[in-house]
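Written below as structure tokens is the structure these notes are about.
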Amino acid sequence: MLYDRTLTSVLDIHAPVLTRVITVRPTVPWFSDHLKILRSACRKAERVFRKSGLETHRRVHRSLRNEYSFHLDYAKKSFYTSTIRDCEGDTRKLFTVVKSLCNKKQVVTYPPHQNTVELVNDFGQFFISKIDKINANIDSIATGPFEPYVQQHFQSKLTGFKPLSNDEVRTIIKSSNTATCNLDPIPTWLLRKCLDPLLPVLTTMINLSLKNGNVPDKWKIATVTPFKESRFGPYLF
1 MLYDRTLTSV
11 LDIHAPVLTR
21 VITVRPTVPW
31 FSDHLKILRS
41 ACRKAERVFR
51 KSGLETHRRV
61 HRSLRNEYSF
71 HLDYAKKSFY
81 TSTIRDCEGD
91 TRKLFTVVKS
101 LCNKKQVVTY
111 PPHQNTVELV
121 NDFGQFFISK
131 IDKINANIDS
141 IATGPFEPYV
151 QQHFQSKLTG
161 FKPLSNDEVR
171 TIIKSSNTAT
181 CNLDPIPTWL
191 LRKCLDPLLP
201 VLTTMINLSL
211 KNGNVPDKWK
221 IATVTPFKES
231 RFGPYLF
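Under the UniProt record's numbering, residues 1 to 237 are what the sequence shown spells out, in order.
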């Protein structure tokens, strides 16, 4: 679609994709500003000692290092003691804290497969067959006697949708979820910031879709991530 291509190209001009190597460090909730100051002073004293080699500078570095280690251990113990105490009476919350202490992370595992396309198709077929089974079970349920359906006739007919205005589209977008999919041409938060110049285009696209009764194929595509149910077998999602 021209809309998607235009936004993607503009985004590439102003914010091109850059590749950088970064070191990912987990956030440490107990690491306070006071600890940062102590760590900085400890590293500074270490650099001075390595440069001079004097015994006096070594003692200063050792003293600051011991002080930093003491406050670091105390902050860590205090944080987790308080966190565990807050879990009193909530077993689920307590297990979550214990898992974080043991560095246990939930990993999404998929069934053994050789071809990714075949695996994705298997997922799709699984959900389709699941819906068919539900429908078959509903049809087989004996509902007992029921009143026959009497078709009602109404004078009013829906022959078309009322075109949306720019203000109505703005209200819908502002009240919608801010979640973003990797299929979106630009992130949702950026769309909201640039909504004023894009609003007439969006309103025209929506109204044309309602008027012609046609939804573009690209609007029907979604990214679905299946999650495994732990109580079922390895091939059931």
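Quick reminder that beta carbons are idealized off the backbone N, C-alpha and C, glycines included.
Of the choices the options, whose alpha-carbon is the least far from that of residue i?
| i | options | result |
| --- | --- | --- |
| N182 | F95, E118, A222 and P16 | A222 |
| N166 | D196, S100 and R58 | D196 |
| T81 | L94, S69 and T188 | L94 |
| S63 | S52, K51, K76 and K44 | K44 |
| N66 | P148, E46 and S78 | E46 |
Is DSSP giving residue i helix, strand or coil here?
| i | result |
| --- | --- |
| A45 | helix |
| T223 | coil |
| E88 | coil |
| Y149 | coil |
| Y110 | coil |
| R25 | coil |
| V215 | coil |
| F127 | helix |
Would you mind reading off the limits of the alpha helix (DSSP H) that contains residue i?
| i | result |
| --- | --- |
| K211 | L195 to N212 |
| T8 | L2 to H14 |
Express the C-alpha separation of residue j and residue i in angstroms, rounding to a whole number.
| i | j | result |
| --- | --- | --- |
| L202 | D217 | 17 angstroms |
| L72 | S40 | 13 angstroms |
| K193 | K174 | 10 angstroms |
| V17 | T8 | 11 angstroms |
| Y74 | R58 | 24 angstroms |
| I128 | I134 | 10 angstroms |
| H61 | P26 | 27 angstroms |
| C42 | W30 | 19 angstroms |
Taking Cβ positions only, does residue i come closer than 8 angstroms to chain C?
| i | result |
| --- | --- |
| S175 | The displayed structure is made up of one protein chain only, and chain C is not part of it. |
Quick one: any contact between the segment 201 to 221 and the segment 157 to 164, if contact means 3 or more CB pairs under 8 angstroms?
Contact holds between the segment 201 to 221 and the segment 157 to 164, because three or more Cβ pairs, one in each stretch, are under 8 angstroms apart.
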